[in-house]
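If you count by the working numbering, then the sequence shown holds residues 23 to 116, one letter each, in order.
Beta carbons are placed, not taken as given, at the ideal position from N, Cα and C, and that holds for glycine.
Owing to the predicted nature of the structure, the values given are computational and were not obtained by experimental measurement.
Some notes on the structure that comes next.
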Amino acid sequence: MNGIIFHGTEIHYGGIAEFLFSPEIGYNAMPAIIEFLGGEKAYAEIIHALPSEITITVGEHPTDKEEKVPQETWLLRYDKKEDNWKIVEKLQPG
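Laid out in structure tokens, this is it:
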């Protein structure tokens, strides 16, 4: 399974994601598992991958405070200067 590590206990604007694999450019519906800093995990799906932009849907998951976070879709952009992927926008469903 493809792994993604989020450098935080939740997803938020400006957060950093580390891909443990190379998302295939142009590939749609690539499954992945996200692990948060606190060890919580969530299923995810890369909806669309471009060289500098990735759209990902994160399934419902618990926080480190045992609260449920509903399914959300996020846009990540590659920051060439810092050599990492940053969360830049929460997308509306639909």
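Counting of Cβ neighbours within 10 angstroms places residue 43 among the exposed residues, the total staying below 16.
By the CB criterion at 9 Å, residue 68 and residue 25 fall outside the cutoff.
Relative to the Cα of residue 58, the nearest Cα in the group 30, 76 and 103 belongs to 30.
Within 10 angstroms of the beta-carbon of residue 109 lie 16 or more other beta-carbons, which makes it buried.
For residue 33, DSSP assigns no beta-bridge partner whatsoever.
With 16 or more other CB atoms across the displayed protein chains lying within 10 angstroms of its CB, residue 45 is buried. The distance from the Cβ of residue 100 to that of residue 81 is about 23 Å, inconsistent with a contact at the 8 Å cut-off.
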